[in-house]
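*Asks:*
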Amino acid sequence: MQDALRPRVIGGPGPADPTTVAGLDVAYHEDGDRLAAAIVVLDTRTHEVRDTAVVQGKPSFPYIPGLFAFREIPALLEALEKLTVRPDVLICDGHGLAHPRRFGLACHLGVLTGLPSFGVGKTPLIGTWTPPADRRGARSDLVDAGEVVGAVLRTRQAVKPVFVSVGHRMDLDTACALTLTLTPRFRLPETTRAADRACRDALISTPRT
DNA sequence: GCGACAG
DNA sequence: ATCTTGTCGC
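Numbered by this note's numbering, the letters in the first sequence go through residues 1 to 209 in order.
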C-alpha cells in the first residue's frame with residue numbers, strides 16, 4: 001500500500017507563510033486496549049491555540065517499525081474531521097520521507113488529506129548522520145542509500161537533536177524553519193507538545209466509557 | 001544469519 | 001508508546 005501511495009506525494013515548495021500549523025499525536029492506555037488521538041492547531045506566529053480535536057478509540061494495528069502509520073492514521077483522520085479550522089500545515093510525531101520505502105506517517109497523512117505536511121521524530125528510523133554543532137539551529141543531513149532523506153536539527157543547545165523530514169507539498173528548509181519557529185523553549189515543537197498533552201489528558205480524564 | 005527498528 | 005530509577009540543573 002505504501003508503494004502504491006508513494007507516487008501521490010507531491011514535492012515542495014512548502015507554503016511560504018502558513019498562518020496556522022497543526023500538531024498531531026496519539027497516546028495509549030497502559031492496558032493497550034485504548035487510545036486517544038489529538039490535533040491542536042496553533043497560530044504560527046503567536047502559538048495561540050486556534051482549534052483542538054480529540055477522539056478516543058482502540059488500537060486496530062500493532063506497532064511495527066515501518067508500518068507505524070497504519071496504527072495511528074485511523075484515529076488521526078477521525079480527529080481531523082472534527083477540526084473546524086483547516087490547518088495550513090500538519091506536523092507529525094514521526095517521520096516522512098525518512099522511511100524505508102520513503103513513505104512515513106507524514107507522507108501518508110499528507111497524501112490522504114492533501115495538506116502540506118512534515119514529520120519531526122525524536123529518534124531515527126533509518127539513515128546515517130554526523131551530529132550537528134551544539135547550538136540551536138545547527139543541522140546536518142540525514143542520509144540513506146546515498147540520498148538526503150531529512151535533517152538532524154538542533155532545536156536547543158546541549159539537548160539531543162530532532163529528526164525532520166518532509167511529508168507532502170513541503171521542502172526540507174521550510175520544515176526546519178517552521179520547526180525552529182515552534183521551539184522557542186523546548187526540544188519539541190509547541191504543536192507536538194500541545195497535541196501530546198491533549199491526548200494524554202483525554203486518556204486519563206475518561207477512565208471508562 | 002545477525003542486528004536495527006518512528007511511536 | 002508507557003514505566004522505573006537516578007542524575008543534573010534552574
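Glycine is no exception: its CB is placed at the ideal position from the N, C-alpha and C atoms.
Inspect the beta-carbon positions of A151 and V159 and report whether they are closer than 8 angstroms.
*Replies:* no
*Asks:* Just to check my reading of the structure: P15 and D88 have Cβ atoms closer than 8 angstroms, yes? What is that Cβ distance to the nearest angstrom?
*Replies:* 5 angstroms
*Asks:* Secondary structure at T183, three-state DSSP: helix, strand or coil?
*Replies:* coil
*Asks:* Return the bridge partner residues of H99 from the DSSP annotation.
*Replies:* Paired residue(s): none; H99 is not in a bridge.
*Asks:* Could you round the C-beta distance between D171 and P7 to whole angstroms and report it? I think they count as a contact, below 8 angstroms.
*Replies:* With 8 angstroms as the limit, D171 and P7 do not qualify as a contact, their Cβ atoms being about 19 angstroms apart.
*Asks:* Measuring only the C-alpha atoms, how far is R139 from A133?
*Replies:* 7 angstroms
*Asks:* List the DSSP bridge partners of R56.
*Replies:* Checking the displayed sequence, the identity of residue 56 turns out to be Gln instead of Arg. Answer is A36.
*Asks:* Would you mind listing the alpha helix (DSSP H) stretches within the region 63 to 143 that are 4+ residues and don't spill past its ends, in chain order?
*Replies:* 68 to 82, 105 to 113
*Asks:* Roughly how many angstroms separate the alpha carbons of Q2 and G121, rounded to a whole number?
*Replies:* 19 angstroms
*Asks:* Would you please state the rounded distance, in angstroms, between the beta carbons of V162 and L5? I believe it to be under 8 angstroms.
*Replies:* About 25 angstroms; that fails the 8 angstroms criterion.
*Asks:* Do A98 and I126 have their beta-carbon atoms positioned less than 8 angstroms apart in this structure?
*Replies:* The Cβ atoms of I126 and A98 lie closer than 8 angstroms to each other.
*Asks:* Is S117 buried or exposed, if buried means 16 or more other CB atoms sit within 10 Å of its CB?
*Replies:* S117 should be labelled buried.
*Asks:* Can you pull the DSSP bridge partners for D51?
*Replies:* V41
*Asks:* Counting along the chain, where does the alpha helix (DSSP H) carrying E30 start and finish?
*Replies:* Careful: E30 lies outside any alpha helix (DSSP H) and carries neither H nor E.
*Asks:* Could you check what DSSP says for R208 in three-state terms: helix, strand or coil?
*Replies:* With a pLDDT of 45 at R208, under the threshold of 50, the modelled position of this residue cannot be trusted, and the question is left open.
*Asks:* With DSSP collapsed to three states, give me the class of L188.
*Replies:* coil
*Asks:* Would you grab the beta carbon distance between V85 and T191 for me? Rounded to a whole angstrom, and I think it's under 8 angstroms.
*Replies:* Not quite, the Cβ-Cβ distance comes to about 13 angstroms (not below 8 angstroms), so this is no contact.
*Asks:* Give me the residue from A177, V54, T46 with the minimum Cα distance to T155.
*Replies:* A177
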